[in-house]
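*Asks:* Residues in the sequence shown are numbered consecutively from 0, following numbering that gives the first Met the number 0. Built from N, CA and C at the ideal position, the CB exists for glycine as well.
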Amino acid sequence: MKTRFILIETSHAGNVGAAARAMKVMGFDELVLVKPRWANVLRKEETIQRASGANDVLDKARVVETLDEALDGVTHLCATAMTPRDFGPPTRSPREHFAELTQPNAPEQSVAFLFGSERFGMKNEDVYRCHVALSIPTNPKFGSLNLGSAIQVVAYDWREALGGFPVQDVIEPADKADAQQVAGMLTHWEQALTDIGFLDPAAPKKLMPRLNQLFNRADLSPEEIHILRGVAKAMIQTANGKR
0 MKTRFILIET
10 SHAGNVGAAA
20 RAMKVMGFDE
30 LVLVKPRWAN
40 VLRKEETIQR
50 ASGANDVLDK
60 ARVVETLDEA
70 LDGVTHLCAT
80 AMTPRDFGPP
90 TRSPREHFAE
100 LTQPNAPEQS
110 VAFLFGSERF
120 GMKNEDVYRC
130 HVALSIPTNP
140 KFGSLNLGSA
150 IQVVAYDWRE
160 ALGGFPVQDV
170 IEPADKADAQ
180 QVAGMLTHWE
190 QALTDIGFLD
200 PAAPKKLMPR
210 LNQLFNRADL
220 SPEEIHILRG
230 VAKAMIQTAN
240 GKR
């Protein structure tokens with residue numbers, strides 16, 4: 000679904016940069032600012048620093064004078080209002096509402112998330128225009144979220160509802176040692192355990208088969224085999240040095 004984040008009368012340049020960063024890490028890039036405090040806010044140094052590399056989102060962002068301009072082409076409006084209104088749209092948690100928007104048979108929408116001024120929040124007349132007021136479940140005794148944090152939470156929940164991103168493993172899966180490498184390492188360990196007096200060759204019992212099973216379960220890599228053989232070598236050298 001087409002997604003737009005709209006910030007109304009933003010007063011702090013850093014929050015615009017934080018918004019761009021929060022959006023980009025969740026794969027969104029359409030940002031519209033309605034009458035921000037600073038006309039050149041997208042080019043301010045604080046904005047760029049807080050964006051932390053999300054410069055493409057800032058480059059694409061638009062600054063408009065009215066909310067009507069920002070809502071052009073949008074079909075579903077989501078206010079973000081922590082304080083429920085006596086009159087207006089229903090108040091829901093983001094996940095609850097997003098689950099309905101993304102049901103298999105739900106119509107495709109152009110969705111906008113509206114965020115009010117840091118000082119005053121959203122005006123009632125702006126909330127009343129929306130289909131829903133999203134309220135992030137927070138500690139009842141302390142529900143204060145700064146603008147960048149609120150955008151990050153909503154962007155994350157919306158991305159998850161749309162399917163999310165796969166978790167990427169930072170470490171590439173290691174190659175597995177083959178049976179010959181494991182067997183060679185076990186022979187080395189058998190000699191080491193004998194030299195230090197832990198294994199009696201005349202009565203080995205099931206020690207080596209059990210170690211074989213242990214190392215098989217460990218799915219050792221060639222590098223780990225090398226380490227274990229180094230341990231065995233050190234054991235042998237120490238044992239021989241004591242004789």
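Which residues in the same chain as Asp74 place their Cβ atom closer than 8 Å to its Cβ, once the five residues preceding and following it in sequence are excluded?
*Replies:* Per the sequence shown, the amino acid found at residue 74 is Thr instead of Asp. Gln108, Ser109, Val110.
*Asks:* What is the DSSP secondary structure of Arg209, reduced to helix, strand or coil?
*Replies:* If DSSP states are grouped into helix, strand and coil, Arg209 belongs with the helices.
*Asks:* Quick check for students: name the residue ranges of the alpha helix (DSSP H) that lie wholly in the stretch 92-135, counting only runs of 4 or more.
*Replies:* Counting only runs of 4 or more, we get 93-100, 123-127.
*Asks:* Please name the residue, chosen from Thr9, Ala50, Lys175, Cys129, that lies closest to Leu32 on a Cα-to-Cα basis.
*Replies:* Minimum Cα distance to Leu32 is reached at Thr9.
*Asks:* Less than 8 Å between C-beta atoms, sequence neighbours within five positions excluded: which residues of the same chain meet that for Asn14?
*Replies:* Cβ neighbours of Asn14 beyond the five flanking positions: Leu6, Arg49, Glu117, Asn145, Leu146, Gly147.
*Asks:* Out of Ser92, Ala182, Asn104, Lys140, which one is the CA nearest neighbour of Ile224?
*Replies:* Ranking Ser92, Ala182, Asn104, Lys140 by Cα distance to Ile224 puts Ala182 first.
*Asks:* Within the chosen definition, does the stretch 17-31 reach the stretch 39-58 through at least 3 CB pairs nearer than 8 Å?
*Replies:* In short, these stretches touch, since the Cβ pair count reaches three.
*Asks:* Buried or exposed for Ala233, please, with buried defined as at least 16 other CB atoms from any protein chain shown within 10 angstroms of its CB.
*Replies:* It is exposed - the Cβ of Ala233 has fewer than 16 other Cβ atoms within 10 Å.
*Asks:* For Met25 versus Ala78, is the C-beta distance shorter than 7 Å?
*Replies:* No. Outside cutoff.
*Asks:* Between the alpha carbons of Arg91 and Ala132, how many angstroms are there, rounded?
*Replies:* Rounded to whole angstroms, Arg91 to Ala132 spans 6 Å at the Cα level.
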